[in-house]
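Residue numbers (the numbering used here), protein chains in the order written: chain X, 27 to 364; chain V, 27 to 364; chain R, 27 to 364; chain F, 27 to 364.
In this text, a Cβ means the ideal position worked out from N, Cα and C, and glycines have one as well.
These figures come from a predicted structure and were not determined experimentally.
There are 4 protein chains.
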Amino acid sequence: MIVILRKDATEEQIQHIVDKAESLGLKAHISRGVEKTIIGFIGPEDVLRVTPLEVFPGVESVMPVLSPYRLVSREFKQDNSIIKIGEQVKVGDKKIVVMAGPCSIENYDGLLSIARKVKKAGASALRGGAFKPRTSPYDFQGLGEEGLKFLSEVGKEVGLATITEVMDPRDVDLVAKYVDIYQIGARNMQNFSLLKEVGMTKKPVVLKRGMSATIKDLLMSAEYILAKGNFDVMLCERGIRTFETATRNTLDINAIPVVKQLSHLPIIVDPSHGTGRWGLVPSASKAAVAAGCDGLIIEVHDNPEEALSDGAQSLKPENFGNLIKDLKLIATAVGREL
Amino acid sequence: MIVILRKDATEEQIQHIVDKAESLGLKAHISRGVEKTIIGFIGPEDVLRVTPLEVFPGVESVMPVLSPYRLVSREFKQDNSIIKIGEQVKVGDKKIVVMAGPCSIENYDGLLSIARKVKKAGASALRGGAFKPRTSPYDFQGLGEEGLKFLSEVGKEVGLATITEVMDPRDVDLVAKYVDIYQIGARNMQNFSLLKEVGMTKKPVVLKRGMSATIKDLLMSAEYILAKGNFDVMLCERGIRTFETATRNTLDINAIPVVKQLSHLPIIVDPSHGTGRWGLVPSASKAAVAAGCDGLIIEVHDNPEEALSDGAQSLKPENFGNLIKDLKLIATAVGREL
Amino acid sequence: MIVILRKDATEEQIQHIVDKAESLGLKAHISRGVEKTIIGFIGPEDVLRVTPLEVFPGVESVMPVLSPYRLVSREFKQDNSIIKIGEQVKVGDKKIVVMAGPCSIENYDGLLSIARKVKKAGASALRGGAFKPRTSPYDFQGLGEEGLKFLSEVGKEVGLATITEVMDPRDVDLVAKYVDIYQIGARNMQNFSLLKEVGMTKKPVVLKRGMSATIKDLLMSAEYILAKGNFDVMLCERGIRTFETATRNTLDINAIPVVKQLSHLPIIVDPSHGTGRWGLVPSASKAAVAAGCDGLIIEVHDNPEEALSDGAQSLKPENFGNLIKDLKLIATAVGREL
Amino acid sequence: MIVILRKDATEEQIQHIVDKAESLGLKAHISRGVEKTIIGFIGPEDVLRVTPLEVFPGVESVMPVLSPYRLVSREFKQDNSIIKIGEQVKVGDKKIVVMAGPCSIENYDGLLSIARKVKKAGASALRGGAFKPRTSPYDFQGLGEEGLKFLSEVGKEVGLATITEVMDPRDVDLVAKYVDIYQIGARNMQNFSLLKEVGMTKKPVVLKRGMSATIKDLLMSAEYILAKGNFDVMLCERGIRTFETATRNTLDINAIPVVKQLSHLPIIVDPSHGTGRWGLVPSASKAAVAAGCDGLIIEVHDNPEEALSDGAQSLKPENFGNLIKDLKLIATAVGREL
């Protein structure tokens with residue numbers, strides 16, 4: 027922790043700050059410049075971080091030196107984490123994993139049809155929402171447990187791992203009975219009760235970045251899950267909210283290499299929410315693979331015109347199939363598989 | 027709903043869209059211009075909103091005409107809603123209501139001391155967190171039920187209504203036993219499970235705007251609560267996330283009159299989070315009162331240096347007292363009381 | 027300047043950084059912690075700022091200690107600057123100054139009519155654009171020199187100081203012949219050629235904050251003008267660009283006290299652009315006065331329906347008159363005049 | 027243009043709006059719904075756009091139907107524009123063009139050394155700044171005309187087209203004497219005087235997107251140049267300003283396909299400013315090529331530690347060379363060349 031003092035800070039004020047930090051077990055190094063005096067504190071920064079040094083008299087500003095996350099950091103674990111899903115799927119390894127399926131689970135037959143097509147095209151996991159976080163209370167809220175059953179049965183039938191969103195800590199056990207991967211949605215990235223709850227399970231989690239979350243915020247939310255004992259977390263870039271209105275969100279392509287530098291966890295990309303328009307999903311998917319992502323999660327629907335949610339950003343199976351072919355070429359070009 | 031067609035849209039495509047809308051009970055008005063053809067759909071727009079008309083062949087763009095919220099809208103209820111809290115406090119009336127207290131409840135004596143001072147200065151309600159949504163899992167997470175007890179006892183002792191944050195749908199009943207007002211925090215503004223749960227109670231709710239939520243998003247989240255039967259919702263502007271780093275958040279002062287135009291619900295302002303620095307709280311509070319807010323919620327602590335959370339943005343009681351005096355003058359200048 | 031080293035930084039790397047800084051005249055203080063080593067450099071930080079220490083091997087991050095602006099800073103001049111415009115108007119003093127008038131100068135008679143009304147209501151200066159920065163090349167671009175003449179004549183006729191935007195460094199001399207105050211628009215806040223050019227004059231300048239400019243960026247742009255010798259700069263908060271679409275811009279009310287802390291220059295507010303809708307101008311103006319601004323610049327038009335630009339955000343003279351009455355009360359409440 | 031009326035709009039108000047539009051040559055189609063009445067105006071929308079219909083009594087909101095740009099639009103010209111630079115370079119064709127070089131031109135020998143290396147690696151054009159838009163007036167402002175001479179000589183010597191930023195309309199002729207392509211920087215994207223001036227030349231222009239400019243704003247600025255007769259404009263995505271601080275800017279990868287849909291102009295990408303850190307330049311470059319860009323402009327420096335500007339985001343020549351090899355593979359994978 028570094029504290030920059032005001033020009034007019036008194037010796038008493040400096041001593042007061044030093045006393046406080048030393049009482050917490052830190053050691054102070056004071057550097058007196060012509061214009062400013064700065065104090066560097068060496069030691070367990072965490073205890074000092076919660077102390078609001080900004081309000082101590084004489085302080086101009088405070089800069090943390092250590093990053094606030096630990097278990098998710100590259101310093102804690104230098105090698106990439108590889109998350110196993112069932113017997114066959116590994117996320118974070120050489121092969122880029124594709125998860126695909128409808129936004130909402132609407133009925134058994136529809137889900138089965140889509141599942142067969144995405145499986146054939148090369149997907150490894152089937153996505154589908156049973157509990158839907160909708161902006162409007164009057165919109166379709168999902169089939170609930172019935173949807174989970176459909177997802178589970180179709181996954182087994184077709185041979186795909188399954189992923190679905192969990193929104194409520196009370197549903198964590200229920201969802202675990204049916205699916206292989208929890209998804210925490212962007213709106214719940216800082217729903218800490220939910221994060222702790224999935225942290226106490228043994229099931230892999232895809233944690234989506236919040237619409238206005240910095241990469242640091244995302245890592246801190248992942249830290250909640252790891253701190254409870256569940257290390258099988260995949261981070262997901264799905265676009266952030268900016269002033270640009272031509273797209274639903276602004277896909278932050280830089281997040282991929284930045285996460286790779288800071289953390290050992292895999293990073294996957296959601297080009298469907300990252301663009302909001304199916305016509306833009308291919309370019310975003312290609313960019314994500316080229317930039318080094320470990321996986322993609324893509325919305326696919328047999329008949330987007332009739333989809334109960336997110337039809338505008340869902341690919342038809344044939345477009346999805348063509349996209350996968352294109353992505354394989356790019357994966358090879360960057361030394362990966364898909 | 028208005029649909030703008032591509033220049034090259036065919037008659038079949040137009041008919042396909044019209045058929046779809048008519049099957050849902052809407053009536054189409056087609057206007058053919060030199061450059062573009064547009065279709066206006068008259069009727070129950072909600073059923074059409076969930077249909078992704080953007081993906082219908084020939085469609086260039088789609089514009090909703092009706093606002094997606096109903097119960098919260100000024101059109102649904104023309105007069106300002108006045109929320110009663112206990113016997114004495116009314117929010118949304120001529121008097122601007124001040125809620126104040128520490129960020130976290132730390133212990134009984136500290137809370138009592140602050141409560142007495144803010145009461146004396148003119149506050150009507152005591153705030154204090156028992157469940158704290160902290161970015162880091164290693165930071166103080168609140169006293170839980172013990173904190174709720176302290177809040178309840180101190181509120182009764184001093185004669186202040188009480189408000190505390192609820193983060194988990196499982197805690198809604200517990201919190202109800204102790205406090206007068208639920209607070210839904212910014213990070214949980216779209217935690218729809220939680221919104222539904224407080225919507226099924228009879229207790230007033232302060233709903234904070236999410237960091238990247240538009241005013242429309244905020245109103246839609248309030249709609250969730252009203253749709254479940256609880257109309258006692260106070261909206262809270264607490265700053266949004268922008269590129270500016272000089273302050274913790276950017277207080278969106280325009281939100282006050284915009285909410286007043288669109289909704290009958292009261293709007294209160296949190297200048298503590300809206301600035302993040304105690305030295306800026308007075309100017310933000312004054313601006314909020316001048317702009318027409320119905321209430322303020324302000325963090326106050328006897329010793330911000332030792333606060334377990336948000337010390338940097340907490341006012342000392344004497345500064346809070348001086349601020350209230352200044353605010354009374356501005357309230358009078360704009361035809362209100364405080 | 028503080029440099030935080032990577033955990034794996036070698037002694038050679040540390041020495042290389044120290045050598046570089048010492049060759050530039052700085053002195054290094056090294057603090058070795060358990061987890062990180064940091065180096066504080068004492069001395070002329072400016073020479074080091076342009077050195078990209080981030081790319082030196084072993085460096086994790088770099089933090090400047092000194093602010094990059096000098097002449098505009100509160101440390102350079104502790105007392106508020108008061109800018110004199112002509113004989114009678116002072117900006118930055120106890121009296122809050124109101125500048126008002128149409129967005130564009132459209133014709134002599136219209137301008138005269140508006141000028142008389144805003145003068146009577148209490149304005150001290152007349153605004154009006156002769157060179158208009160329009161998003162579309164096909165929109166009205168202003169009357170040019172003819173407009174400047176109208177503005178000059180009407181100002182003298184009615185007894186108001188005059189302000190107009192200058193967009194092109196080649197027009198600086200021309201504008202000087204006719205008006206009292208230069209306005210640099212938001213789109214040109216970092217048009218450094220223009221800033222230098224007005225910096226070489228003796229005429230007061232209103233410098234508007236760019237749509238995505240931080241407060242620090244705004245101060246750095248002002249520094250360009252002061253560095254050329256012109257200290258008569260008024261900063262102008264006019265709203266920033268965010269994700270919120272309910273208003274044209276998000277008025278950053280916090281910018282007022284932040285600028286006051288960091289700089290001695292006056293800060294004025296443009297509630298017309300800060301909201302984009304005339305119905306929101308009063309609340310924004312009141313908030314600005316309550317928060318401590320030194321002036322307001324407001325668009326007023328006799329017939330907004332027929333205005334050639336910005337009709338949507340222009341007040342009619344009677345509404346402007348009523349607003350001024352309300353603002354006087356708030357100014358008194360905060361110890362100012364208007 | 028579509029006008030949505032307030033629920034309480036009177037017949038007189040409706041007639042007043044219709045009269046206004048008809049006086050401008052438009053025809054009105056009125057659709058009366060149960061909840062809202064809407065008016066669609068057919069005809070020359072431009073004349074109506076400048077009329078502030080929002081302020082007409084009875085109007086709730088106004089929606090434009092036609093896009094405000096013409097010459098830059100895909101509707102105006104369906105085929106991709108291909109911009110020729112000198113005899114050999116074409117931008118917008120199958121081959122993706124790479125422009126590379128130092129941020130600032132520092133001296134002849136250094137520029138020559140870099141030029142030879144980027145030429146060898148595969149670049150088609152040499153970038154280098156002679157007039158530098160620096161946030162601080164105290165930072166290196168560029169060599170001016172001497173720098174232009176160096177750039178011109180080195181370009182000829184090595185056989186590379188040349189590109190440099192022009193900041194001041196007074197320098198447009200001077201720059202033309204020495205270089206092949208004008209660059210308009212992000213800070214000057216809405217410097218309309220400058221846009222008009224380069225629009226009156228015959229020289230190709232790279233127009234960079236402003237930090238807070240929407241894609242529509244970017245197209246409107248390009249329209250200024252085309253409207254003056256110069257159609258040789260290349261648009262440049264270089265990152266936008268968001269709340270994320272881990273990178274200098276957020277590269278908006280979606281801008282590539284969106285521009286391709288809306289416009290016939292080529293789109294190039296600046297991964298150096300789009301990330302701000304040299305270690306992130308490769309991933310951003312790969313993503314841009316995969317997403318369909320027509321060119322890249324990359325900062326390269328022999329010794330980034332000693333660069334007079336932007337050292338932190340400059341690649342060393344060997345890293346640049348390796349990147350080009352990687353990019354060739356991706357270009358092939360997406361059916362392009364590089």
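Going along chain B in order, which residues have a C-beta closer than 7 angstroms to the C-beta of residue i?
i: F/Gly-66; result: Here chain B cannot be found, since the structure's protein chains are X, V, R and F.
Out of curiosity, what's the CA-to-CA distance linking residue i and residue j?
i: F/Pro-308; j: R/His-55; result: 35 angstroms
i: R/Leu-291; j: X/Ala-248; result: 44 angstroms
i: R/Met-193; j: R/Pro-159; result: 7 angstroms
i: X/Val-76; j: F/Asn-280; result: 39 angstroms
i: V/Val-115; j: R/Leu-221; result: 54 angstroms
i: R/Met-27; j: R/His-327; result: 51 angstroms
i: V/Asn-321; j: V/Val-123; result: It is Gly, not Asn, that sits at residue 321 of chain V in the sequence shown. Roughly 4 angstroms separates the two Cα atoms.
i: R/Glu-71; j: R/Leu-52; result: 8 angstroms
i: V/Thr-273; j: X/Gly-211; result: 28 angstroms
i: R/Met-237; j: X/Asp-336; result: 32 angstroms
Run through chain V and tell me which residues come within less than 8 angstroms of residue i, C-beta to C-beta.
i: F/Thr-268; result: Phe-269
i: R/Ile-356; result: Ala-316, Ile-356, Ala-359 and Val-360
Please list the partners that residue i has in chain F, where partner means a Cβ-to-Cβ separation under 8 angstroms.
i: R/Ser-49; result: Chain F residues near R/Ser-49: none, gap ~11 angstroms exceeds 8 angstroms.
What residue from the options has the CA that sits closest to residue i's CA?
i: R/Leu-31; options: R/Pro-83, R/Phe-257, R/Asn-275 and R/Ile-282; result: R/Pro-83
i: V/Lys-385; options: V/Glu-344, V/Arg-153 and V/Arg-213; result: The question about residue 385 of chain V has no answer here: the residues shown for chain V are numbered 27 through 364.
i: V/Asp-135; options: V/Arg-362, V/Val-124 and V/Glu-183; result: V/Glu-183
i: X/Asn-275; options: X/Phe-257, X/Val-295, X/Lys-286 and X/Leu-288; result: X/Val-295
i: F/Lys-121; options: F/Ala-202, F/Val-315, F/Val-224 and F/Tyr-208; result: F/Val-315
i: R/Cys-262; options: R/Asn-256, R/Ile-241, R/Leu-74 and R/Leu-252; result: R/Ile-241
i: R/Arg-303; options: F/Glu-270, F/Ala-310, F/Val-85 and F/Ala-141; result: F/Val-85
i: X/Phe-176; options: X/Ile-140, X/Tyr-164, X/Gln-339 and X/Glu-48; result: X/Ile-140
i: X/Val-60; options: R/Asp-45, R/Leu-92 and R/Ser-178; result: R/Leu-92
Strictly below 7 angstroms CB to CB, what residues from chain V border residue i?
i: X/Tyr-164; result: Asp-72
i: F/Gly-265; result: Those do not exist, as F/Gly-265 stays about 12 angstroms from chain V at its closest Cβ, beyond 7 angstroms.
Compute the beta-carbon to beta-carbon distance between residue i and residue j, rounded to the nearest angstrom, for a pair I have assumed lies under 8 angstroms.
i: F/Leu-152; j: F/Thr-188; result: 5 angstroms
i: R/Val-88; j: R/Leu-97; result: 25 angstroms between Cβ atoms; not a contact.
i: F/Leu-349; j: F/Leu-364; result: The pair is not a contact, with the Cβ atoms about 11 angstroms apart (cut-off 8 angstroms).
Along chain X, which residues have their Cβ under 7 angstroms away from the Cβ of residue i?
i: R/Glu-61; result: Leu-92
Answer yes or no: the CB of residue i versus the heavy atoms of the ligand GDP, is any distance below 7 angstroms?
i: F/Ile-251; result: Questions concerning the ligand GDP fall outside what the structure shown contains, since it holds no ligand whatsoever.
Applying a beta-carbon distance threshold of less than 8 angstroms, which residues of chain R neighbour residue i?
i: X/Lys-33; result: Glu-101
i: F/Pro-297; result: Near F/Pro-297 there are no residues of chain R at all, since even the closest Cβ is about 16 angstroms away, more than 8 angstroms.
List the residues of chain X whose Cβ lies closer than 9 angstroms to the Cβ of residue i, in chain order.
i: F/Leu-261; result: Those within 9 angstroms of F/Leu-261 in chain X number zero; the least Cβ separation is about 13 angstroms.
Anything in chain R within Cβ reach of residue i, meaning under 7 angstroms, just list it in chain order.
i: F/Phe-218; result: Pro-159 and Met-193
ask   = Closer than 7 angstroms, Cβ to any Cβ of chain F: which residues of the stretch 226-249 of chain R, in chain order?
value = Met-237, Ser-238, Asp-243, Met-246 and Glu-249
Interfacial residues, the stretch 81-115 of chain X to chain R, with Cβ spacing under 8 angstroms = Met-89, Val-91, Leu-92 and Glu-101
task = Mind checking the stretch 277-295 of chain R against chain V and listing, in chain order, the residues whose C-beta falls within less than 7 angstroms of any C-beta there?
result = Leu-277, Asp-278, Ile-279, Asn-280, Ile-282, Pro-283 and Val-284
task = With 8 angstroms as the limit, tell me which residues of the stretch 146-170 of chain R have their beta carbon closer than that to any beta carbon of chain V; keep them in chain order.
result = none
key: Where the stretch 188-211 of chain R meets chain F: residues whose CB sits under 7 angstroms from a CB there   = Met-193, Asp-194, Pro-195 and Arg-196
message = So if I threshold CB-CB distances at 8 angstroms, which residues from the stretch 298-311 of chain F count as touching chain V?
response = none
inquiry  = To be precise: take each residue of the stretch 318-347 of chain X, compare its Cβ to all Cβ atoms of chain V, and keep it if any distance is under 9 angstroms. Which residues remain?
reply    = Only those residues of the stretch 318-347 of chain X whose C-beta falls short of 9 angstroms from the nearest C-beta of chain V are listed: Pro-330, Glu-331, Glu-332, Ala-333, Leu-334, Ser-335, Asp-336, Gly-337, Ala-338, Gln-339 and Ser-340.
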